[in-house]
Amino acid sequence: MEPHLAAAHRQAVASLEEGGFPVGAVIVKDGHVIGAGFNRYTQTGDPTTHAEMEAIRDAASRAGDHELLDLLADATCYTTMMPCEMCSGAIIRFGLSTVVVAEVSSYNAADTKSLLEGRGVRVDIRDEEACKETVERYYAEYPRARGARRPSDRRWS
Ligand SMILES: [Zn+2]
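So this is what it looks like as structure tokens:
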């Protein structure tokens, strides 16, 4: 796995280790990771704490207010799952150029590929077995979550 996707995957594993849903993301600009985060919905009860949003928040926390839009412009989001509509909206709003998605078999309900591409964001979809296995580990530990978080459910990622 390429290093930035591996970094996103480590974030997903960190969520799993806290009992959370394993989605991780990093934001990369000019080859450097400027933000990282993982899904914290289970941990916080806050439905906006998706991995991509947390990674953007992390990048923002490291930047002065007036630098942030410049910082995120043309950045790349590496994420372990296909972004939902909310996260795609943030990616579009803040001018990221590219989204690299580790795999789409665990979640791909919202047709955000066409949403992102329609707004000029490049979408690069991979097929990373390790990321799928981490999601399967989650369902093995929390089998009752599978019904609540089926791929057709639009709330998660
Ligand atoms: Zn999301």
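In my numbering, the protein residues as written are 6 to 162.
Glycine is no exception: its CB is placed at the ideal position from the N, C-alpha and C atoms.
Source: prediction; values computed, not measured.
May I ask whether a heavy atom of ligand 1 can be found less than 6 Å away from the beta carbon of residue i?
i	result
C136	no
C82	no
M86	no
M6	no
H9	no
H55	yes
Could you pull the DSSP bridge partners for residue i from this structure?
i	result
T47	Beta-bridge pairing links T47 to no other residue.
V106	T84, I130
Quick one: what does DSSP say residue i is sitting in, helix, strand or coil?
i	result
C89	coil
Y143	helix
D129	strand
T117	helix
G100	coil
A30	strand
A41	strand
A65	helix
G94	helix
G25	coil
A150	helix
G36	coil
Can you tell me where the alpha helix (DSSP H) holding residue i begins and where it ends?
i	result
A13	8 to 22
D75	73 to 77
Over the uninterrupted beta strand (DSSP E) stretch that includes residue i, give me the two end residues.
i	result
E83	Rather than Glu, the amino acid found at residue 83 in this sequence is Tyr. Here the beta strand (DSSP E) through Y83 covers 81 to 84.
Between residue i and chain B, is any beta-carbon pair separated by less than 7 Å?
i	result
G100	Any reference to chain B falls outside this structure, which holds one protein chain only.
Quick test of the definition: if touching needs 3 or more C-beta pairs under 8 Å, does the segment 133 to 142 touch the segment 50 to 67? The segment 133 to 142, when compared against the segment 50 to 67, does not touch it at the 8 Å Cβ threshold.
Given 8 Å as the limit, is there contact between the segment 74 to 92 and the segment 39 to 59, that is, 3 or more CB pairs closer than that? yes
Any contact between the segment 17 to 24 and the segment 75 to 83? By contact I mean 3 or more CB pairs, one from each, below 8 Å. Segments in contact, no.
Three or more C-beta pairs closer than 8 Å, one from the segment 26 to 41 and one from the segment 78 to 85: is that the case here? yes
Contact between the segment 123 to 131 and the segment 142 to 149 is defined here as three or more beta-carbon pairs at a separation below 8 Å; is this criterion met? no
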